[in-house]
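J.: Input: one structure, supplied below.
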């Protein structure tokens, strides 16, 4: 699982409810626009795969709760497709679209 520090609190709650440890989740750094860094995401996935880990999903946000930042969905989806990783997308701004 990959998410940024801007991920909605319900993601961390779901991880705990599922019985998974947050200690093993790489929080991906943000870019200058407070969005999930595509470069850092790809780096983390490659490193994890090299260490025998299987990427499960990337949490992308279409409008974070704290800043309203929209993660770069298309580049994230391209990385996910390449690495066979799911990309659930949380839409915090949908009511405004």
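In our numbering, the protein residues as written are 0 to 96. Ideal placement from N, C-alpha and C gives every residue a C-beta, glycine not left out.
Is the beta carbon of residue 3 closer than 8 Å to that of residue 27?
T.: Yes. Within cutoff.
J.: Just the C-alpha distance for residue 12 and residue 6, rounded to the nearest angstrom, thanks.
T.: Going from the Cα of residue 12 to the Cα of residue 6 covers about 11 Å.
J.: So, with DSSP's three-state summary, where would you put residue 68?
T.: The answer is coil: DSSP assigns residue 68 none of H, G, I, E or B.
J.: Smallest Cα separation from residue 86: which of 57, 64, 74, 70?
T.: It is 57.
J.: Where does residue 95 sit, in a helix, a strand or coil, going by DSSP?
T.: Confidence in residue 95 is poor, its pLDDT being 46 and thus under 50, which makes the residue's placement too unreliable to answer from.
J.: Measuring straight from C-alpha to C-alpha, what distance separates residue 71 and residue 46?
T.: Distance between the alpha carbons of residue 71 and residue 46 is about 21 Å.
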